[in-house]
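**Q** Let me give you the structure first, and then I'll get to my questions.
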Amino acid sequence: IKKLLDGDERMIWIKSTTLKITKDWLNSLVKNKKYKNRIKKLGKSDNIEDETFEKRDVITNKRILINNKINEFYDFSGISESNFQLRGQIAILNLKGLRAFDIEESKGIYNIWFHAEPVNKGDYAFLFEDLTTAEYHKIIDIFTDSYIAEIPKQAGKLTYIQKN
Numbered sequence: 008i009k010k011l012l013d014g015d016e017r018m019i020w021i022k023s024t025t026l027k028i029t030k031d032w033l034n035s036l037v038k039n040k041k042y043k044n045r046i047k048k049l050g051k052s053d054n055i056e057d058e059t060f061e062k063r064d065v066i067t068n069k070r071i072l073i074n075n076k077i078n079e080f081y082d083f084s085g086i087s088e089s090n091f092q093l094r095g096q097i098a099i100l101n102l103k104g105l106r107a108f109d110i111e112e113s114k115g116i117y118n119i120w121f122h123a124e125p126v127n128k129g130d131y132a133f134l135f136e137d138l139t140t141a142e143y144h145k146i147i148d149i150f151t152d153s154y155i156a157e158i159p160k161q162a163g164k165l166t167y168i169q170k171n
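Add 7 to a position in the sequence shown, counting from 1, and you land on the number used in the working numbering.
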């Protein structure tokens, strides 16, 4: 990832995750309303082998870079080619191309769902799951200059809208 950075680009936030894919995990994914509409093809779980993937998400002052090992579990289809590209094993997303994101909070743990000019309400491009409060605040700080926040009266969810 460091080799992809421009001269004035710096890494602001890095999260490394080990993801274990099991039959149980895939079965629960099928039942999850956030994912099931995106699943186009389903194999028999007997044919699924347990696998472990190393995943890395990096946010710089210009872009988001994601280790491409498990991109099959993300939906990048809503992102225009000018804002999204693959370079080998790295997925690169231009921050300016991401229109908004939703934040879910539960007991101090945050999930951030990013939109990429969604066609339908509730469509998501990808997410960072299970962030600590400190990790969450780092992400919010990054977007302060580019986004304004609307905070609904109901606690727990923020909607960010890009400035014109």
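All residues carry an ideal CB built from backbone N, CA and C; glycine is no exception.
Given a threshold of 16 other Cβ atoms within 10 Å of its Cβ, counted over all protein chains shown, does residue 37 qualify as buried or as exposed?
**A** Residue 37 comes out exposed.
**Q** Three-state secondary structure (DSSP) at residue 62?
**A** DSSP places residue 62 in strand when its eight states are reduced to three.
**Q** Helix, strand or coil, according to DSSP, for residue 146 in the structure here?
**A** Helix at residue 146.
**Q** For residue 89, which option in 21, 74 and 70 has the closest C-alpha, if you only look at C-alpha atoms?
**A** When each option's Cα is compared against that of residue 89, the closest is 70.
**Q** Use the C-beta contact count for residue 25: other C-beta atoms within 10 angstroms, 16 or more gives buried, fewer gives exposed.
**A** With fewer than 16 Cβ atoms within 10 Å of its Cβ, residue 25 is classed as exposed.
**Q** Can you have a look at residue 91 and say buried or exposed, based on whether 16 or more other CB atoms are within 10 angstroms of its CB?
**A** That one is buried.
**Q** Since I believe residue 67 is in contact with residue 16 (beta carbons under 8 angstroms), could you give me their beta-carbon distance rounded to a whole number of angstroms?
**A** Contact holds; Cβ gap of about 5 angstroms.
**Q** What did DSSP end up calling residue 9 once you bin it into helix, strand or coil?
**A** Helix.
**Q** Please name the residue in 109, 113, 60 and 64 whose C-alpha comes closest to that of residue 27.
**A** Nearest C-alpha to residue 27: 60.
**Q** Using the Cα positions of residue 117 and residue 99, report the straight-line distance between them to the nearest angstrom.
**A** So the two alpha carbons sit approximately 23 angstroms from each other.
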